[in-house]
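Undergrad: Have a look at this one before I ask anything.
Number of protein chains: 2
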Amino acid sequence: MEASDLFKCIADTQRLRILNLLEAGPLCVCHLQEILDVSQVKMSKQLSIMKQMALVESHREGTWMIYSIKEPIHGLIQNNLNYLREADCSECNQLQEDLLKRGKLILRITDNQEDCPSSICQQIDCC
Amino acid sequence: MEASDLFKCIADTQRLRILNLLEAGPLCVCHLQEILDVSQVKMSKQLSIMKQMALVESHREGTWMIYSIKEPIHGLIQNNLNYLREADCSECNQLQEDLLKRGKLILRITDNQEDCPSSICQQIDCC
DNA sequence: TTAAAATATACCATTGACAGTATATACCAA
DNA sequence: TTGGTATATACTGTCAATGGTATATTTTAA
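For the record, the sequence lines run as chains A and B.
The first sequence begins at -18 in my numbering and counts up by one.
The second sequence begins at -18 in my numbering and counts up by one.
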């Protein structure tokens, strides 16, 4: 895995946002879609790209596919996520917003007793 | 200047190598060409791209164009250069090799009394 | 004023990333 | 076994990045 491939990957704002979210915990495709407000096809493709690069991995739970960071997270990715979360720029702010949205989303699927992939909700002792 | 633009920039190995070299000190186009072993046209284009992004700047000395990092260097660039110089990957090793080549090149143009852009050679009290 | 060196730009062809539509697959519940 | 939900893939058109050739520009020296 060359550094240039990793840079190319996170040069796409959506992929960067996905990695930022997954680094906080696993999510299924539809919830990623909801947070990033992006079409199903596009999300699926982005995840597929990063899966091929071995940056993320997935497992099935019923009809859901749960994506998570493939451990250990690559140092260059971690380094840049850390940097951008501290920095002040429009994309950096978006990463923070996404994490807030993620928090709300997890609360919502807990509270409303919505169907909830256990590997996501078990993070907060629900489901 | 969005983070994604910066990532796109350093996702190109040549541009990354150029920034790595310039961060160590100014160089003229022909010396960058020599170290990276790349055509004149291509080098000129890469520099032009980064000049437009305000990552580098240039000034003329005779027929030479001397390029240098535009201060202050962007934190994201600095951060990644620091990371890659410490890391171990083929591209990381290349960055180190380039810096060695740069050192030898500066010694050579000093020793051989070659024509030497003063803003480069004054770094080592020559010319 | 002409020639040579260093650099930049214009032009063109090729390639690769990306977005969208349609369709396929996998799983579940009735 | 049928329909619905979630997800993936195939196909296609479009646009941007890239690399090469030729040429222009700037400066210096003869």
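The beta-carbon is built from N, C-alpha and C at its ideal position, and this holds for glycine as well.
Quick caveat, the model's predicted, so the values are computed rather than measured.
At the level of alpha carbons, what is the spacing between residue 21 of chain B and residue 71 of chain A?
TA: As a position in the second sequence, residue 21 of chain B is number 40, starting the count at 1. As a position in the first sequence, residue 71 of chain A is number 90, starting the count at 1. Cα-Cα distance, rounded: 36 Å.
Undergrad: For the region 21 to 32 of chain A and the region -15 to -5 of chain A, state whether three or more C-beta atom pairs, one from each stretch, are separated by less than 8 Å.
TA: Yes, the region 21 to 32 of chain A touches the region -15 to -5 of chain A.
Undergrad: Residues of chain B with CB under 7 Å from residue 62 of chain A, in chain order?
TA: Residue 62 of chain A sits at position 81 when you count from the first residue of the first sequence. Within chain B, no residue comes near residue 62 of chain A; the closest Cβ sits about 11 Å away, beyond 7 Å.
Undergrad: Hey, does residue 35 of chain A have any beta-carbon neighbour from chain B nearer than 9 Å?
TA: Working through the first sequence from its first residue, we reach residue 35 of chain A at position 54. No - not a single Cβ of chain B is within 9 Å of the one on residue 35 of chain A.
Undergrad: Let me check understanding here. Comparing Cα to Cα, which of B:61, B:14, B:73 lies closest to residue 46 of chain B?
TA: In the second sequence, counting from the first residue as 1, residue 46 of chain B sits at position 65. Cα-wise, what sits closest to residue 46 of chain B is B:14.
Undergrad: Hey, residue 5 of chain B and residue 57 of chain B: beta-carbon distance below 9 Å or not?
TA: As a working mapping, residue 5 of chain B is identified with position 24 in the second sequence. As a working mapping, residue 57 of chain B is identified with position 76 in the second sequence. Not a contact, by the Cβ cut-off of 9 Å.
Undergrad: Suppose only complete runs of 4+ residues qualify. What are the alpha helix (DSSP H) ranges in the region 56 to 81 of chain B, listed by chain order?
TA: Counting only runs of 4 or more, we get 56 to 67.
Undergrad: Using 9 Å as the limit for Cβ to Cβ distance, is residue 108 of chain B near chain A?
TA: By 1-based counting over the second sequence, the position of residue 108 of chain B is 127. With a pLDDT of only 32 at residue 108 of chain B, under the threshold of 50, the placement of this residue in the model should not be trusted, and no figure is reported.
Undergrad: Where residue 16 of chain B and residue -6 of chain B are concerned, what is the direct C-alpha to C-alpha distance, given to the nearest angstrom?
TA: For the purposes of this step, residue 16 of chain B is taken as residue 35 along the second sequence, with counting starting at 1. For the purposes of this step, residue -6 of chain B is taken as residue 13 along the second sequence, with counting starting at 1. Rounded to the nearest angstrom, the two C-alpha atoms are 13 Å apart.
Undergrad: Which residues bound the alpha helix (DSSP H) around residue 54 of chain B?
TA: Along the second sequence, read from residue 1 onward, the residue named residue 54 of chain B stands at position 73. Counting along the chain, residue 54 of chain B falls outside any alpha helix (DSSP H), and DSSP gives it neither H nor E.
Undergrad: Of all the residues that make up the region -15 to -1 of chain A, which are near chain B by a beta-carbon distance shorter than 9 Å?
TA: Answer in chain order: -15, -14, -13, -12, -11, -10, -9, -8, -7, -6, -3.
Undergrad: Give the DSSP-derived three-state secondary structure of residue -17 of chain A in the structure shown.
TA: On the first sequence, position 2 is the one that residue -17 of chain A refers to. Looking at residue -17 of chain A - three-state DSSP - the assignment turns out to be coil, as it is neither helix nor strand.
Undergrad: Taking the alpha-carbon positions, what's the residue 68 of chain A to residue 7 of chain A distance?
TA: Translated into the one-based positions of the first sequence, residue 68 of chain A becomes position 87. Translated into the one-based positions of the first sequence, residue 7 of chain A becomes position 26. About 24 Å.
Undergrad: Closer than 9 Å, CB to CB, is residue -18 of chain A near chain B or not?
TA: Mapped onto the first sequence, residue -18 of chain A falls at position 1. Output row for residue -18 of chain A: interface = yes.
Undergrad: Using a cut-off of 9 Å between C-beta atoms, extract the partners of residue 25 of chain A located in chain B.
TA: If you number the first sequence from 1, residue 25 of chain A lands on position 44. Within 9 Å Cβ-Cβ: nothing; residue 25 of chain A doesn't reach chain B, min ~21 Å.
Undergrad: Secondary structure at residue 34 of chain B, three-state DSSP: helix, strand or coil?
TA: Here residue 34 of chain B corresponds to residue number 53 of the second sequence, with the count starting at 1. Reduced to three states, the DSSP call for residue 34 of chain B is coil.
Undergrad: Could you compute how far the alpha carbon of residue 35 of chain B sits from the alpha carbon of residue 51 of chain B?
TA: As a first step, residue 35 of chain B is located in the second sequence; it is residue number 54 there, counting from the start. As a first step, residue 51 of chain B is located in the second sequence; it is residue number 70 there, counting from the start. One C-alpha to the other measures close to 7 Å.
Undergrad: Between the Cα of residue 76 of chain A and the Cα atoms of A:-14, A:-18, A:-1, which residue gives the shortest distance?
TA: Taking the first sequence and counting its residues from 1, the one referred to as residue 76 of chain A is at position 95. For residue 76 of chain A, the nearest C-alpha among the options comes from A:-1.
Undergrad: Can a CB atom of chain A be found closer than 9 Å to the CB of residue 113 of chain B?
TA: Look at the range of chain B in this structure, -18 to 108, and you will see that residue 113 of chain B is not part of it.
Undergrad: For residue 26 of chain A and residue -4 of chain A, what's the separation of their Cα atoms in angstroms?
TA: Taking the first residue of the first sequence as position 1, residue 26 of chain A is located at position 45. Taking the first residue of the first sequence as position 1, residue -4 of chain A is located at position 15. Each residue's alpha carbon lies about 10 Å from the other.
Undergrad: At the 9 Å Cβ level, is residue 29 of chain A part of the contact set with chain B, yes or no?
TA: For the purposes of this step, residue 29 of chain A is identified with residue 48 of the first sequence, where counting begins at 1. Cβ-Cβ to chain B under 9 Å: no for residue 29 of chain A.
Undergrad: Give a yes or no on whether the C-beta atoms belonging to residue 9 of chain A and residue 64 of chain A are separated by under 9 Å.
TA: Within the first sequence, the letter at position 28 stands for residue 9 of chain A. Within the first sequence, the letter at position 83 stands for residue 64 of chain A. It is not a contact, given that the beta carbons lie outside the stated cut-off.
Undergrad: From the beta carbon of residue 13 of chain B, is the nearest beta carbon of chain A less than 9 Å away?
TA: Taking the second sequence and counting its residues from 1, one reaches residue 13 of chain B at position 32. Chain A contact via Cβ: absent.
Undergrad: Excluding the 5 residues preceding and the 5 following residue 40 of chain A in the sequence, name in chain order all residues of the same chain whose CB lies nearer than 6 Å to its CB.
TA: Translated into positions along the first sequence, residue 40 of chain A becomes position 59. Once the five neighbours on either side are set aside, the close Cβ partners of residue 40 of chain A are 47.
Undergrad: Can you pull the chain B residues whose beta carbon is under 7 Å from the beta carbon of residue 65 of chain A, in chain order?
TA: For the purposes of this step, residue 65 of chain A is taken as residue 84 along the first sequence, with counting starting at 1. What residue 65 of chain A touches in chain B: -16.
Undergrad: Would you check if the distance between the CB atom of residue 74 of chain A and the CB atom of residue 60 of chain B is smaller than 9 Å?
TA: Within the first sequence, numbered from 1, the residue matching residue 74 of chain A stands at position 93. Within the second sequence, numbered from 1, the residue matching residue 60 of chain B stands at position 79. Cβ atoms of residue 74 of chain A and residue 60 of chain B: not closer than 9 Å.
Undergrad: Comparing C-alpha positions only, which one of B:91, B:12, B:53 sits nearest to residue 37 of chain B?
TA: Start at 1 with the first residue of the second sequence, and residue 37 of chain B comes out as number 56. Ranking B:91, B:12, B:53 by Cα distance to residue 37 of chain B puts B:53 first.
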